[in-house]
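With UniProt numbering applied, the sequence shown covers 1 to 691.
Each residue gets a CB set at the ideal place from its N, CA and C atoms; glycine is no exception.
Report on the structure given below.
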Amino acid sequence: MTTPALLPLSGRRLPPLNLGTSSFPHHRATLRLSEKFILLLILSAFITLCFGAFFFLPDSSKHKRFDLGLEDVLIPHVDTSKVGKNLGGFLIHGQGHDEHRHREEEERLRNKIRADHEKALEEAKEKLKKSRDEIQAEIQTEKNKVVQELKKKDSKPLPPVPLPNLIGINSGEPADPDIREKRNKIKEMMKHAWDNYRQYGWGHNELKPIARKGHSTNIFGNSQMGATIVDALDTLYIMGLHDEFREGQEWIDKNLDFSVNSEVSVFEVNIRFIGGLLAAYYLSGQEVFKIKAVQLAGKLLPAFNTPTGIPWAMVNLKSGVGRNWGWASAGSSILAEFGTLHMEFVHLSYLTGDPVYYNKVMHIRKLLQKMDRPNGLYPNYLNPRTGRWGQHHTSVGGLGDSFYEYLLKAWLMSDKMDTEARKMYDDAIEAIEKHLIRKSNGGLTFIGEWKNGHLERKMGHLTCFAGGMFALGADGSRDDKAGHYLQLGAEIAHTCHESYDRTTLKLGPEAFKFDGGVEAVAVRQNEKYYILRPEVIETYWYMWRFTHDPKYRQWGWEATQFFTTTSMRPSTSVLTFIHTYHTCLAAHRICTEEWTSGSTNSMCITSSEAIDKYCRVSGGFSGVKDVYSSSPTYDDVQQSFFLAETLKYLYLLFSNDDLLPLDNWVFNTEAHPLPVLHLANTTLSGNPAYR
Ligand code: DMJ
């Protein structure tokens, strides 16, 4: 390889020197003695010149050069301002007395450093005399001391804040024995999910119920942060599973540590961890949850260090370095992610008396308010460096969904004082109704996705939450269109129920179309899965609370039947697997027939019990890969949101309305209830810590 190839000079290749074969043959690699001598002479002349030049430099520049050296690190400068006014010029030549003192001072420091060095060497020698185990034990003790110190520092008590009105946290027992039985069934399912996680996945983020081991995804980074524990706490609490709640609390107290070198999703950590911890704090009053929530929030704050203040999607909890998802349009942050922090961050400021969290989310809101919106719609992508929209895609499902939800809920959570949020919600919903909501040929109302001026007639399972949102926002809507929005909520609930009803398993696919003769059915294979998502049941519950139409409980129970009837038992051999699977199918068929004919004879009940006994995955609950297949395969993941949301909404659906009444509680997007704060307008002046 030629030299230019190794060291390109400003990208230009050097032409090969043509010295002639006789004077400098190409194959000769060494220099003659005389040539070496000349080179050495040139080199030594050059070095002498450099040294000489140094002594001709003015004094001040000599000092500067020394200041940058090792001396600067080892010998701290004497602070002249502290030494006394008269000594201000103590480094200037010609002031003999000062120079003398300076030398003395340096000498003293040098001696001290020498002594410290010797001491350290002695200690090291002593250490080396000890056994490997002894040294390791000593290191561990030192480490523990540091961790304890840090913990003490982090666990400083927060300023006392008056707790908002916490009503309806232990109620909801229905009088009707049938409803009570269903409610108990949901509670038992929660216990099944929890116990298996406890046994096989404890401390991991999620559970693989068939492999019976821990599971995680990149949203939680690479460390085990017990996502299921944190996400499940408030569901355990409202179901009265207090022993399990205490187990979770103990784990959090002892093990939940955020000083880990792990890159997590800011949004997911906020809605699941901070939301979960705050809800657990409000429900139980246990300080540990509040303290952990605040510690974690501190770790998320560096994500906001972008030129616009729009946070990165991911942040490393240890280094604070943030970045965006590689797949997002033009390096953008995602609307549903940076727009779903408001509720939790307002609560953090309320509880700590520190406005930093509130300011971060209000800054996002103000920035969004100022931006132009194509057709009044918010695109899903916003670049945090330039502050410009990415691709003009708008969705009420994935990438957009909870941004709209949080506008409405910010208003509700402020006891309807945050009218700015309500206005933004009303404006956004009007544009969505105009451009995204349509009726299919078969009369089903659906919410499509806007892609560069074109409406894609497809709706996601995630979008189904919007039925509940419309119902929740009906009261207080612009031009008093409450009836209209309640009706819209009912229509979305109906469409989403249809998407369930048109499948073999009576469970909804991830996305379904309204195009080319297709109505509420998934077309692509990769849209046919169901991963225990909550959105449809969430909408049933809101609709139930606002209308008390029994069909919503009936629809919720249909879904519950699936969870208890069509899951498959893990098997020790292929034969048992096939046997179990056929038992499941057969039993499910009998049960479905009995159910649709409205009969509740003992055969169905017996079958149902048998199905529960034989068909439920004994290691927990799993999602399925194809809801249209009569022989579905399982994804082997028990999502943490199944415990946080799906089972909670089901439990609430079969509870009385006095459990977590909607006048006092607002659910974050992960179904964690946060109390309404009685704040004056959008400020935090309701909190004495701010006065
Ligand atoms: C949950 O984590 C939250 O509801 C989020 O807003 C979006 N979807 C998942 C569950 O489907």
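- Not one heavy atom of the ligand DMJ lies closer than 7 Å to the C-beta of P509.
- The Cβ-Cβ distance between T669 and E405 falls below 8 Å.
- The Cβ-Cβ distance between G508 and L653 does not fall below 8 Å.
- In terms of Cβ geometry, N196 and L207 form a close pair [threshold 8 Å].
- The beta carbon of L650 sits no closer than 7 Å to any heavy atom of the ligand DMJ.
- The criterion of a C-beta distance shorter than 8 Å is not satisfied by G623 and A193.
- CA-CA distance, A559 to Y552, rounds to 11 Å.
- Residue state for H117 is assigned as helix, using DSSP reduced to three classes.
- At the C-beta level, Y425 and L407 come within 8 Å of one another.
- Rounded to whole angstroms, the gap between the alpha carbons of A303 and G275 is 18 Å.
- The closest heavy atom of the ligand DMJ lies less than 7 Å from the beta carbon of F641.
- Residue pairing from DSSP leaves H678 without any beta-bridge partner.
- Comparing alpha carbon positions, the residue from R422, N452, D401 and N359 closest to W389 is N452.
- A straight line joining the alpha-carbon of K370 with that of G387 spans about 11 Å.
- Separation of A313 and S402 (C-alpha to C-alpha, rounded to the nearest whole angstrom) is 15 Å.
- When Cβ pairs closer than 8 Å are counted between the two stretches, the region 274 to 292 is seen not to touch the region 319 to 331, the count staying below three.
- Under a 10 Å Cβ-count criterion, D234 is classified as buried, with 16 or more other Cβ atoms of the shown protein chains found around its own Cβ.
- Under the three-state reduction of DSSP output, D401 falls in the helix class.
- When only Cα atoms are considered, G203 and D480 end up about 49 Å apart.
- Proximity of the beta carbon of P534 to the ligand DMJ is indicated: a heavy atom of the ligand is located closer than 7 Å.
- Distances from the CA of V294 to each of N305, G285, P307 and L277 were compared; the closest alpha carbon is that of L277.
- The alpha carbon of N664 has as its nearest neighbour, out of I186, F512, K409 and N144, the alpha carbon of K409.
- Following the DSSP letters along the chain, one finds E670 in no beta strand (DSSP E), marked with neither H nor E.
- With a threshold of 7 Å, the Cβ atom of I274 does not count as near the ligand DMJ, since no heavy atom of the ligand is closer than that.
- Shortest gap from the CB of T669 to any heavy atom of the ligand DMJ: under 7 Å.
- Under the DSSP assignment, I274 falls outside any alpha helix (DSSP H); it carries neither an H nor an E label.
- Residue pairing by DSSP puts S265 in a beta bridge opposite M314.
- Under the three-pair Cβ rule at 8 Å, the region 493 to 513 counts as touching the region 628 to 641.
- About 12 Å separates the Cβ atoms of S333 and P379, ruling out a contact at the 8 Å cut-off.
- Ranked by Cα distance from Q487, the options G326, N656, T445 and H100 are led by T445.
- With respect to the C-alpha of S640, the residue from I219, S131 and I429 having the closest C-alpha is I219.
- Under the three-state reduction of DSSP output, T503 falls in the coil class, being neither helix nor strand.
- Under the three-state reduction of DSSP output, I167 falls in the coil class, being neither helix nor strand.
- Relative to the ligand DMJ, even the nearest heavy atom lies 7 Å or more away from the CB of I537.
- Along the region 337 to 397, the beta strand (DSSP E) does not occur as any fully enclosed run of 3 or more residues.
- Within the chosen limit of 7 Å, the ligand DMJ reaches the beta carbon of S402 through at least one heavy atom.
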